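Peer 1: Quick note on numbering: UniProt numbering labels position 38 of the sequence shown as 38, and the sequence is numbered without any gaps. All residues carry an ideal CB built from backbone N, CA and C; glycine is no exception. Please read these numbers as outputs of a predicted model, since none were measured by experiment. My structure is below; once you've seen it, I'll send some questions.
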Amino acid sequence: MNMKERLLKALKGEEVDKVPVCTVTQSGIVELMDKTGASWPEAHSDAKMMADLAYASYAECGLEGVRAPYCLTVLAEAMGCTINMGTKNRQPSVTDHPYPKGVDDLAMPEDLLSQGRIPVVMEALGILREKCGDEVPVIAGMEGPVTLASDLASVKKFMKWSIKKPEDFQTILDFACDACIEYANAMLAAGADVISVPDPVASPDLMAPDVFDKILKPVLQRFADGVNGPMILHVCGDVTAIIEMMADCHFESISIEEKVKDLKGAKAKVGDKCTICGNVSSPFVLLAGDEAAVKAAAKQALDDGIDVLAPGCGIAPDTPVANLKAMVEARDDYYA
Ligand SMILES: [Zn+2]
1 MNMKERLLKA
11 LKGEEVDKVP
21 VCTVTQSGIV
31 ELMDKTGASW
41 PEAHSDAKMM
51 ADLAYASYAE
61 CGLEGVRAPY
71 CLTVLAEAMG
81 CTINMGTKNR
91 QPSVTDHPYP
101 KGVDDLAMPE
111 DLLSQGRIPV
121 VMEALGILRE
131 KCGDEVPVIA
141 GMEGPVTLAS
151 DLASVKKFMK
161 WSIKKPEDFQ
171 TILDFACDAC
181 IEYANAMLAA
191 GADVISVPDP
201 VASPDLMAPD
211 VFDKILKPVL
221 QRFADGVNGP
231 MILHVCGDVT
241 AIIEMMADCH
251 FESISIEEKV
261 KDLKGAKAKV
271 GDKCTICGNV
281 SSPFVLLAGD
291 EAAVKAAAKQ
301 ALDDGIDVLA
311 PGCGIAPDTP
321 VANLKAMVEA
331 RDDYYA
């Protein structure tokens, strides 16, 4: 069983020889930027650099997959948001929004897939597919429809509409969802095996579980149903209150943080509706811990029945290579 077969089977909950270990969330780190010469912010806009940095997490750290791009702003930019491209160790962010005034003039860009950095991402996925052959899985990351909708409207207006203008709230979510479906399918066609979708604005930290259940879940279901490949849904924070709803969103797998304290309980709650990726703490263990701490957290996740061993959230750019290697070693030790 090669790495690609292993990950694809594990995401679907099929039997594997060992739990795969990779990152399904942000993967770029400074140590690998220095090693490859592919640094942020340039690597967000240059296909070869984007691919080189992603490939290094497999070649240098032993992670069983490659993942690109490194931000949640590609689709937002293509649809009219203004982006600050960040620095070598700070991710791009949205600084201005096309639709703060309302949904009356929503307009999908003509030829969406040729806008902004989308062609760069497609080229990078093609390069990665070529380099990885059929052995190593290529994971494409993108913002989810909830986060995209909030970027288009501004978080402040998005929150306001969720309470005071439910029709506008639904309209912008549907608009964002349409774009997400088109973009995700194009990334699969360009070479991705899996689409990994962080949707941080859907977190219970920002959206009430009741809103998730009644409004966001149907949008996420339509997104997953519209995409022709395996999907992972990542929601930040302690998602204990919405984990069964996440499992009902029709994604093959969900990615959770260590803030969900009871992984065993989470596994029991989702049952066979989806698998779970995670949940080694990105800030507290992979960034701030030592190799022993990484190995202990990884072993705990494996003991608790994690389906894909991975960082709980996007890894911080200053995370050491040694800690990512330790996560891989922990998985190997587990089966030794
Ligand atoms: Zn997260």
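On the DSSP letters alone, give me the boundaries of the beta strand (DSSP E) that D96 sits inside.
Peer 2: S93 to D96
Peer 1: Measuring alpha carbon to alpha carbon, tell me which residue in E123, N89 and T240 is nearest M50.
Peer 2: E123
Peer 1: Is it true that the CB of D290 sits closer than 8 Å to the CB of G13?
Peer 2: no
Peer 1: I want to check one thing, is the minimum distance from the CB of G144 to the heavy atoms of ligand 1 below 7 Å?
Peer 2: Not under cutoff, so the answer is no.
Peer 1: Which residue or residues does DSSP assign as beta-bridge partners of V308?
Peer 2: C277
Peer 1: Less than 6 Å between C-beta atoms, sequence neighbours within five positions excluded: which residues of the same chain meet that for E244?
Peer 2: So the qualifying residues of the chain are K269.
Peer 1: What residue ranges within the stretch 163-194 form continuous alpha helix (DSSP H) runs of no fewer than 4 residues, ordered along the chain?
Peer 2: The qualifying runs are 166-190.
Peer 1: Between E257 and ligand 1, is there a pair consisting of the residue's CB and a ligand heavy atom that are separated by less than 7 Å?
Peer 2: yes
Peer 1: Which one of P137, A301 and R222 has the shortest CA to CA distance from E5?
Peer 2: P137
Peer 1: In whole angstroms, give me the CA-to-CA distance for V201 and T319.
Peer 2: Going from the Cα of V201 to the Cα of T319 covers about 24 Å.
Peer 1: Is H250 helix, strand or coil by DSSP?
Peer 2: In the structure shown, H250 sits in coil (DSSP, three-state: anything other than H, G, I, E or B).
Peer 1: Which value, in whole angstroms, describes the spacing of the CA atoms of A310 and L113?
Peer 2: 30 Å
Peer 1: For R117, count the other beta carbons within 10 Å of its own beta carbon; 16 or more makes it buried, fewer makes it exposed. Which is it?
Peer 2: The residue in question, R117, is buried, as its Cβ has 16 or more Cβ neighbours within 10 Å.
Peer 1: Report whether the distance from the Cβ of C236 to the nearest heavy atom of ligand 1 is below 7 Å.
Peer 2: Yes, the Cβ of C236 comes within 7 Å of a heavy atom of ligand 1.
Peer 1: Can you give me the Cβ contacts of A43 inside the same chain, cut-off strictly under 6 Å, excluding the 5 residues immediately before and after it?
Peer 2: M49, M50 and L53
Peer 1: Residues in the same chain with beta-carbon distance under 7 Å from A56, minus the five sequence neighbours each way, listed in chain order, please.
Peer 2: L32, K35 and T36
Peer 1: By a C-beta neighbour count over all protein chains shown, 10 Å radius and 16 as the cutoff for buried, is D111 buried or exposed?
Peer 2: Burial call: exposed.
Peer 1: DSSP state of A296, grouped into three classes?
Peer 2: It is helical.
Peer 1: Note down, one range per segment and in chain order, each beta strand (DSSP E) of at least 3 residues found wholly within the stretch 19-105.
Peer 2: 66-68, 82-84 and 93-96
Peer 1: Using beta-carbon positions only, say whether V103 and A76 come within less than 8 Å of one another.
Peer 2: no
Peer 1: Excluding five sequence neighbours on each side, which residues of the same chain lie with their C-beta closer than 6 Å to the C-beta of L287?
Peer 2: A316 and T319
Peer 1: Just to confirm before moving on: does the CB-CB distance between L125 and A192 stay below 8 Å?
Peer 2: yes
Peer 1: To the nearest angstrom, how far is the alpha carbon of C132 from that of Y58?
Peer 2: 10 Å
Peer 1: Using 10 angstroms around the beta-carbon of I163, count the other beta-carbons present and answer buried if the total reaches 16, otherwise exposed.
Peer 2: exposed
Peer 1: Could you check whether A297 and S282 sit closer than 8 Å to each other, using their CB atoms as the reference points?
Peer 2: No, these two residues do not count as a Cβ contact at 8 Å.
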